[in-house]
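**Q** Order-wise, the sequence lines are chains E and W. For the first sequence, our numbering assigns the number 439 to the initial residue and increments by one for each residue that follows. For the second sequence, our numbering assigns the number 4 to the initial residue and increments by one for each residue that follows.
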Amino acid sequence: MTTYPIDQIRADFPILGETVRNKPLVYLDNAASCQKPQTVIDSIVHVYSHEYANIHRGVHTLSVKATDRFEAAREKVKEFINAGSTKEIVFVRGATEAINLIAQSYGKSQLQAGDEIVISAMEHHANIVPWQMLCQQIGTVLKVAPMNQKGELIFEEFEKLLGANTRLVAIAHMSNALGTINPVERIIAAAQAKNIPVLLDGAQAIPHMPVDVQALGCDFYVFSGHKLYGPSGTGVLYGKQALLEAMPPYQGGGDMIRTVSFEKTTYAGLPHKFEAGTPAIAEIIGLGAAIDYVTAVGMDKIAAYEAELLAYATEQAEQIKGMNIIGQAAEKGGILSFTLDHIHPHDIGTMLDSVGIAVRAGHHCAMPVMDFYAVPATARASFAMYNTRQEIDVLMQGIKSLIEVFG
Amino acid sequence: MFEDLRDLYQEVIFDHNRNPRNFRVMENANRRVDGFNPLCGDKLTLFLKIEDHVITDASFQGSGCAISTASVSLMTEIIKGKTEEEAETLFKQFHEMTTGKTEQVNLEAIGKLAVLAGVREYPARVKCATLAWHTLDAALKNQQEAISTE
Chain E
439 MTTYPIDQIR
449 ADFPILGETV
459 RNKPLVYLDN
469 AASCQKPQTV
479 IDSIVHVYSH
489 EYANIHRGVH
499 TLSVKATDRF
509 EAAREKVKEF
519 INAGSTKEIV
529 FVRGATEAIN
539 LIAQSYGKSQ
549 LQAGDEIVIS
559 AMEHHANIVP
569 WQMLCQQIGT
579 VLKVAPMNQK
589 GELIFEEFEK
599 LLGANTRLVA
609 IAHMSNALGT
619 INPVERIIAA
629 AQAKNIPVLL
639 DGAQAIPHMP
649 VDVQALGCDF
659 YVFSGHKLYG
669 PSGTGVLYGK
679 QALLEAMPPY
689 QGGGDMIRTV
699 SFEKTTYAGL
709 PHKFEAGTPA
719 IAEIIGLGAA
729 IDYVTAVGMD
739 KIAAYEAELL
749 AYATEQAEQI
759 KGMNIIGQAA
769 EKGGILSFTL
779 DHIHPHDIGT
789 MLDSVGIAVR
799 AGHHCAMPVM
809 DFYAVPATAR
819 ASFAMYNTRQ
829 EIDVLMQGIK
839 SLIEVFG
Chain W
4 MFEDLRDLYQ
14 EVIFDHNRNP
24 RNFRVMENAN
34 RRVDGFNPLC
44 GDKLTLFLKI
54 EDHVITDASF
64 QGSGCAISTA
74 SVSLMTEIIK
84 GKTEEEAETL
94 FKQFHEMTTG
104 KTEQVNLEAI
114 GKLAVLAGVR
124 EYPARVKCAT
134 LAWHTLDAAL
144 KNQQEAISTE
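Next comes the structure, spelled out in structure tokens:
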């Protein structure tokens with residue numbers, strides 16, 4: 439950890455200096471949303487103060503500047519995930535909208551009744567419900583690959599589901615409820631051997647590890663900006679160009695057309711075909727600033743630092759009697775989901791909040807995962823690039839105290 | 004460590020959470036309603052025996068946080084022997100106390116239930132305390148379908 443500039447990083451995030459209920463904030467709800475570095479906040483202020491106008495519209499100076507900055511953010515995203523072209527980078531509101539876009543555009547145009555979509559047992563509702571909606575609309579069938587008690591995909595069972603009717607695999611790169619990192623290389627190899635396209639839900643993975651979509655070879659990759667230290671309301675859909683070309687627009691409106699008459703409309707090329715209406719201009723420019731920020735630190739370094747944090751937190755948690763870690767996959771990102779004997783997660787959440795610690799308590803938009811472990815909810819501490827061992831100590835001390843209080 | 008929470012988590016609440024009262028299935032109940040809080044997954048089933056408009060017995064089953072468990076446990080204690088009308092009045096008073104809509108709640112009238120007044124300061128937890136009472140309200144109105152706090 440010696441080369442990791444943790445003090446500088448913490449100083450870059452102004453909110454980390456806040457107090458909550460008169461205690462220093464210990465923010466461990468990063469899997470829900472991450473805090474923002476000053477450079478991201480500044481970039482938004484700068485756009486609105488100096489360079490704001492609508493994009494792709496006017497010949498006037500501000501519109502040109504805003505357009506340049508907006509398209510520069512697209513270039514940054516392309517570089518960040520190593521896409522082949524900016525044509526493959528579609529800006530959306532978040533990972534949820536990206537999956538809905540794929541379900542409604544790709545799904546409705548390329549799939550038909552009886553075709554099967556394979557997901558896993560650890561998906562977020564955002565990678566379940568859009569497919570259920572599609573199934574109701576056109577009669578496709580949803581198949582769910584099971585996981586084991588540790589929260590790992592049972593690969594052999596997954597492979598068995600890839601049949602003659604399978605037309606799409608849609609799976610989390612990393613689970614938000616358990617922290618499991620799925621074996622995406624093997625998943626993609628197995629699916630593509632049968633010509634089945636693969637969508638990776640990267641909402642959780644993207645802030646925690648380097649992602650190279652060309653090396654992975656996935657067909658779609660989606661993520662949200664707000665989990666990558668960027669503004670809310672931003673998200674990215676990466677799709678292979680040939681697939682995106684074949685897909686009809688998701689929404690109609692301005693900016694996604696080439697010509698419009700009352701008789702016939704022709705659509706714009708990629709990626710604008712999928713970007714109807716005025717997007718979150720300043721926020722997407724802010725996402726570009728977030729990518730600059732994490733890139734300057736280095737995704738490899740962030741991944742290594744967070745792995746040490748998780749290992750430390752896990753080791754501490756295992757020593758607390760009555761604390762049960764939910765999700766113990768061998769390959770895991772910075773998420774510690776847990777329950778305490780005889781103490782409901784909501785009580786854990788309120789009690790920890792009273793001493794300044796922010797954790798999530800609930801079903802984490804993954805009710806099937808809660809059902810699998812037969813718990814109504816879990817508490818979840820999730821780590822980011824700016825968390826520290828000292829914060830984990832504060833968390834563990836808080837947990838020990840509340841176990842005592844509840845007796 | 005949790006000094007700031009003393010108003011919310013009073014000893015009575017820990018006591019009822021550890022040892023919930025009337026925690027049993029009532030075979031001869033003539034009212035039975037399920038309550039559900041989708042936000043946190045709290046579930047309870049309330050059983051009532053009502054004879055001549057008087058609640059002669061009350062019990063519950065289910066799982067939830069300390070606030071919701073203590074709330075339903077206390078409720079089953081206090082409503083026993085009350086008329087339906089008296090129970091409805093208690094429901095309204097409890098609702099007003101926990102949502103803080105009036106400062107003139109007569110804490111004496113609601114007795115032990117006053118220990119739950121602290122949730123007023125925790126908007127995220129108000130539903131934990133009121134789930135039991137909304138379920139009671141439905142049972143008194145003889146509604147059959149499950150109650151949700153959403």
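No residue lacks a Cβ here, since even glycine has one placed at the ideal position from N, Cα and C.
Let me know the secondary structure DSSP gives Thr716 of chain E once reduced to three states.
**A** Stepping through the first sequence from its first residue, residue 716 of chain E is reached at position 278. In the structure shown, Thr716 of chain E sits in coil (DSSP, three-state: anything other than H, G, I, E or B).
**Q** Is Asn460 of chain E close to chain W? Criterion is C-beta to C-beta, closer than 9 Å.
**A** For the purposes of this step, residue 460 of chain E is identified with residue 22 of the first sequence, where counting begins at 1. Yes, Asn460 of chain E lies at the interface with chain W (some Cβ there is under 9 Å from its Cβ).
**Q** Within 9 Å (strictly less), CB to CB, does Val793 of chain E reach chain W?
**A** By 1-based counting over the first sequence, the position of residue 793 of chain E is 355. With 9 Å as the cut-off, Val793 of chain E counts as an interface residue toward chain W.
**Q** How do the stretch 497 to 510 of chain E and the stretch 471 to 480 of chain E stand: do at least 3 beta-carbon pairs fall below 8 Å, yes or no?
**A** With the cut-off at 8 Å, the stretch 497 to 510 of chain E and the stretch 471 to 480 of chain E do not touch.
**Q** What separation, rounded to the nearest whole angstrom, lies between the Cα atoms of Ile453 of chain E and Ile447 of chain E?
**A** By 1-based counting over the first sequence, the position of residue 453 of chain E is 15. By 1-based counting over the first sequence, the position of residue 447 of chain E is 9. Distance between the alpha carbons of Ile453 of chain E and Ile447 of chain E is about 12 Å.
**Q** Pick from E:Ser487, E:Glu489 and E:Phe712: whose alpha carbon is nearest that of Glu535 of chain E?
**A** Against the first sequence, residue 535 of chain E aligns to sequence position 97. Among E:Ser487, E:Glu489 and E:Phe712, the Cα nearest to that of Glu535 of chain E belongs to E:Phe712.
**Q** Use the C-beta contact count for His488 of chain E: other C-beta atoms within 10 angstroms, 16 or more gives buried, fewer gives exposed.
**A** For the purposes of this step, residue 488 of chain E is taken as residue 50 along the first sequence, with counting starting at 1. Label assigned to His488 of chain E: exposed.
**Q** Using only CA atoms, which one of W:His19, W:Phe97 and W:Met100 lies nearest to Phe63 of chain W?
**A** Indexing the second sequence from 1 puts residue 63 of chain W at position 60. It is W:His19.
**Q** List, in chain order, every chain W residue whose beta-carbon is nearer than 8 Å to that of Met694 of chain E.
**A** On the first sequence, residue 694 of chain E is found 256 positions in, with the first residue counted as 1. None at all; the shortest Cβ gap to chain W is about 36 Å.
**Q** Less than 9 Å between the C-beta atoms of Ala767 of chain E and Leu616 of chain E, yes or no?
**A** Reading the first sequence from its first residue, position 329 is the one you call residue 767 of chain E. Reading the first sequence from its first residue, position 178 is the one you call residue 616 of chain E. Yes. Within cutoff.
**Q** Residues of chain E with CB closer than 7 Å to the CB of Asp7 of chain W, please, in chain order.
**A** For the purposes of this step, residue 7 of chain W is taken as residue 4 along the second sequence, with counting starting at 1. Correct list: Arg459 and Ser792.
**Q** Under a three-way DSSP split, which group does Met439 of chain E fall into?
**A** Residue mapping note: residue 439 of chain E aligns to position 1 of the first sequence, counting from 1. For Met439 of chain E, the pLDDT reaches just 47, beneath the cut-off of 50, and the residue's location in the model is therefore unreliable, although a value from the coordinates is still provided. Three-state result, Met439 of chain E: coil.
**Q** If you compare alpha carbons, which of W:Asp45, W:Tyr12, W:Asn31 and W:Phe5 is closest to Ala149 of chain W?
**A** The residue you call residue 149 of chain W lines up with position 146 of the second sequence. When each option's Cα is compared against that of Ala149 of chain W, the closest is W:Asp45.
**Q** Can you grab the Cα-Cα spacing for the pair Arg21 of chain W / Leu93 of chain W, in whole Å?
**A** On the second sequence, position 18 is the one that residue 21 of chain W refers to. On the second sequence, position 90 is the one that residue 93 of chain W refers to. C-alpha separation (whole angstroms): 25 Å.
**Q** What three-state label does DSSP hand Thr72 of chain W in the structure shown?
**A** Against the second sequence, residue 72 of chain W aligns to sequence position 69. Here Thr72 of chain W sits in helix by DSSP.
**Q** Tell me the rounded alpha-carbon separation between Ile537 of chain E and Leu790 of chain E.
**A** Position 99 of the first sequence, counted from the start, is the residue given in the question as residue 537 of chain E. Position 352 of the first sequence, counted from the start, is the residue given in the question as residue 790 of chain E. For Ile537 of chain E and Leu790 of chain E, the distance between alpha carbons rounds to 34 Å.
**Q** If you run the structure through DSSP and keep just helix, strand and coil, what is Thr826 of chain E?
**A** Mapped onto the first sequence, residue 826 of chain E falls at position 388. Correct three-state label for Thr826 of chain E: coil.
**Q** Taking His562 of chain E as the reference, which of E:Val832, E:Arg818, E:Ser839 and E:Cys803 has the closest Cα?
**A** Position 124 of the first sequence, counted from the first residue, corresponds to residue 562 of chain E. Among E:Val832, E:Arg818, E:Ser839 and E:Cys803, the Cα nearest to that of His562 of chain E is on E:Cys803.
**Q** So with Cβ pairs under 9 Å, would you call Pro806 of chain E a contact of chain W?
**A** In the first sequence, counting from the first residue as 1, residue 806 of chain E sits at position 368. Output row for Pro806 of chain E: interface = no.
**Q** List, in order along the chain, the chain E residues whose C-beta lies closer than 9 Å to that of Phe17 of chain W?
**A** Within the second sequence, the letter at position 14 stands for residue 17 of chain W. Under the 9 Å cutoff, chain E gives Val843, Phe844 and Gly845.
**Q** If we ignore side chains and look at the alpha-carbon of each, how far apart do Met834 of chain E and Tyr659 of chain E end up?
**A** Residue mapping note: residue 834 of chain E aligns to position 396 of the first sequence, counting from 1. Residue mapping note: residue 659 of chain E aligns to position 221 of the first sequence, counting from 1. Roughly 35 Å between the two C-alpha positions.
**Q** Could you pull the DSSP bridge partners for Val458 of chain E from this structure?
**A** Start at 1 with the first residue of the first sequence, and residue 458 of chain E comes out as number 20. Paired residues: E:Lys461.
**Q** What's the gap between the Cα of Ser839 of chain E and the Cα of Ile786 of chain E?
**A** On the first sequence, position 401 is the one that residue 839 of chain E refers to. On the first sequence, position 348 is the one that residue 786 of chain E refers to. C-alpha separation (whole angstroms): 11 Å.
**Q** Measure how close the beta-carbons of Gln642 of chain E and Gly771 of chain E come, nearest whole angstrom, since I'm counting them as under 8 Å.
**A** Here residue 642 of chain E is taken as the residue at index 204 of the first sequence, counted from 1. Here residue 771 of chain E is taken as the residue at index 333 of the first sequence, counted from 1. So it is a contact: roughly 7 Å between Cβ atoms.
**Q** Return helix, strand or coil for Glu561 of chain E, following the three-state DSSP convention.
**A** Position 123 of the first sequence, counted from the first residue, corresponds to residue 561 of chain E. Glu561 of chain E: coil per DSSP, three-state reduction.
**Q** Please list, in chain order, all residues of the same chain as Ala734 of chain E whose beta carbon is under 6 Å from its beta carbon, the five residues on each side excluded.
**A** What you label residue 734 of chain E is simply residue 296 of the first sequence in a count that begins at 1. Excluding residues within five positions, none has a Cβ falling inside 6 Å.
**Q** Please return the same chain residues whose Cβ sits closer than 6 Å to the Cβ of Asp450 of chain E, not counting the five positions on each side in sequence.
**A** Within the first sequence, the letter at position 12 stands for residue 450 of chain E. Correct list, in chain order: Pro475 and Gln476.
**Q** CA-CA distance, Arg818 of chain E and Ala799 of chain E?
**A** Start at 1 with the first residue of the first sequence, and residue 818 of chain E comes out as number 380. Start at 1 with the first residue of the first sequence, and residue 799 of chain E comes out as number 361. Whole-angstrom Cα-Cα distance: 6 Å.
**Q** Write down the C-beta distance between Ser543 of chain E and Val582 of chain E rounded to the nearest angstrom, noting that I regard them as a contact closer than 8 Å.
**A** Against the first sequence, residue 543 of chain E aligns to sequence position 105. Against the first sequence, residue 582 of chain E aligns to sequence position 144. Not really, about 23 Å apart at Cβ, beyond 8 Å.
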